[in-house]
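When we follow the numbering used here, the leftmost residue of the sequence shown carries the number 28, and every step to the right adds one.
In this text, a Cβ means the ideal position worked out from N, Cα and C, and glycines have one as well.
Right, one structure below, let's go through it.
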Amino acid sequence: MAAGYLDILRARHAARLLAGTLVGRLPNGTAPIAIVLFTRAEGGSYALAGALAAVYGLGTAIGQPLLGRAVDLYGQPRVQLPAAVLSAFGMALLAVAGFGSLPLAYAAVALAGVSTPPLEGGLRALWPSVLGGEDRVHRAYAMDAVAQEAMFTLGPLLVTLLVSLRSPAAALLVINAIGVLGALSVVLSEPSRTWRSAPREAHWLGALRSPGLLALLGSFFFVGLALGSITVAAVAYADDHGRESVYGWLMAALGLGALIGGVVYGARQWPGRPERRLRVIVALLALGYLPLMLTPGVVAMTVLVGVAGVFLAPAVACSFIIVDRHAPRGTVTEAFSWLVTTFGVGAAAGTAVAGPAVELGGTAWSFAVAGAGGVAALLVLLATGRVLAVPGHSAVALRGSENDRNGAVEPGFSSGHQA
């Protein structure tokens, strides 16, 4: 199992690109907790902290696909690094100016969010040219999903460490400075400097003109909704049991489950079309969410949450393959960025819905939101099965190039035909 991942990391530039992307995305992964801690340290209310975090999230949702399209048009270095610097400037402005002017604080977090560089989509556009073989690209997508889980687990811990050693303002400055260094490492690499998007048809919808991509985005909105609702439901469950530490255990179990699922999924080659496989994985994901409504004791609940997380990383990894198969030529970075945005918007919707669900029906109802989200995601995939079906003839692309449909499919495929 480990040998396959080591093979990926030993490929030239692979470790640097993965590490640089994760470090570059650190500000984005830690922004909500960093903003909340800074706001509270400055005497602001939780309502203000939540509003600032929401503005940041909205800005990111707007900026990712726009910057992704810019990367496809102008290349990675000309977009990624300036965006990273501008995003860091926004957070630095918040840290230095504080809340002397609320409009300035909102403008600062909005700037930081909108300017968040699309490093995630950029990395996935680079994998085919860096790794070549379809089985290695498939494994890299799974490793990418696992690495994200690790980053979103360790990132908040780093923020709290910096806060304890120095201050919330220092944490904002340091995290974002580190993020710029990560983006710099990526754009100075040879694959990033030489990468060029495939020729694209001029169209105002860009990647969204693909019906298959729209179907996938519709499903992953509900996957994001399910995940977002669990974060709120876990807080309510911890409150019911009178121990704040319970929340940490549940979130750790969710992350551990995703890590295990991603590692196992990426360790082998899977037969059949990824579109069909995604339906099975999302069905298992939904099935894992439903028992959470039982809200048993802490030990049993921790186990259930861990099991529920097992199929998240495989679903994300499989979706990466499908995005690349359905994105119109020349739009792959934008397409991946739309997936990030849709997932994030769904997560925000999940947190918004789960809160009132707790007030109306208690903790079980908030976990029911997660189950409903998983079922809705599956229904979207089932309803759009024909749209998601890969046609028998795919556009011919240069092997290893961006949007290469021959080099970025899963094992058992070539030019859209099952072997």
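Open item on the list: Can you tell me where the alpha helix (DSSP H) holding Met278 begins and where it ends?
Closed with: Element bounds for Met278: 272 to 293.
Bounding residues of the alpha helix (DSSP H) (the contiguous stretch that carries Ala234)
In this chain, Ala234 is not harboured by any alpha helix (DSSP H), its DSSP state being neither H nor E.
Best match in Arg39, Ala204, Val164 for proximity to Ala119 [C-alpha to C-alpha]: The shortest CA-to-CA distance from Ala119 to any of Arg39, Ala204, Val164 is the one to Ala204.
inquiry  = For Val334 and Met328, what's the separation of their Cα atoms in angstroms?
reply    = Looking at the backbone, the Cα of Val334 and that of Met328 are separated by about 10 Å.
Own chain residues within Cβ distance below 7 Å of Gly56, not counting five before or after: Its chain contains Met178, Phe179, Gly182 as the residues whose beta carbon lies nearer than 7 Å to that of Gly56, once the 5 sequence neighbours on both sides are disregarded; these appear in chain order.
Mind pulling the alpha helix (DSSP H) runs of 4 or more residues that sit fully within the stretch 145 to 214? As far as the stretch 145 to 214 is concerned, its whole alpha helix (DSSP H) runs of at least 4 residues are 146 to 158, 161 to 192, 195 to 214.
Q: Decide if Gln91 is buried, meaning its Cβ has at least 16 other Cβ atoms within 10 Å, or exposed.
A: Within a 10 Å sphere around the beta-carbon of Gln91 sit 16 or more other beta-carbons, which makes this residue buried.
**Message:** Would Gly400 and Phe249 be called neighbours here (beta carbons separated by less than 8 Å)?
**Reply:** Result yes, Cβ atoms of Gly400 and Phe249 sit closer than 8 Å.
Original post:
Of all the options Leu146, Ala152, Ile287, which has the alpha carbon lying nearest to the alpha carbon of Arg356?
Top reply: Per the Cα distances, Ala152.
* **Sequence-distant residues of its chain with Cβ nearer than 8 Å to Val380 (five each side left out)** => Closer than 8 Å at Cβ, skipping near neighbours: Leu252, Ser256, Val396.
For Tyr32, three-class secondary structure by DSSP: In the three-state reduction of the DSSP assignment, Tyr32 falls in the helix class, which pools H, G and I.
Inset, instruction - Would you decide whether Gly412 is buried or exposed? Buried here means 16 or more other CB atoms lie within 10 Å of its CB. - result: Gly412 should be labelled exposed.
*Same chain, Cβ closer than 7 Å to Ala111, neighbours up to 5 away in sequence not counted*: So the list reads Gly51, Pro144, Gly206, Val207, Ala210, once near-sequence residues are dropped.
Give me the residue from Ser128, Pro109, Leu79, Ser212 with the minimum Cα distance to Ala137. Closest option to Ala137, Cα to Cα, is Leu79.
Count the other CB atoms within 10 Å of the CB of Tyr101; is the residue buried (16 or more) or exposed (fewer)?
Exposed, by the Cβ-count rule.
Rounded C-beta distance between Leu244 and Arg306? I'm assuming under 8 Å. Cβ atoms of Leu244 and Arg306 stay farther apart than 8 Å, at about 16 Å.
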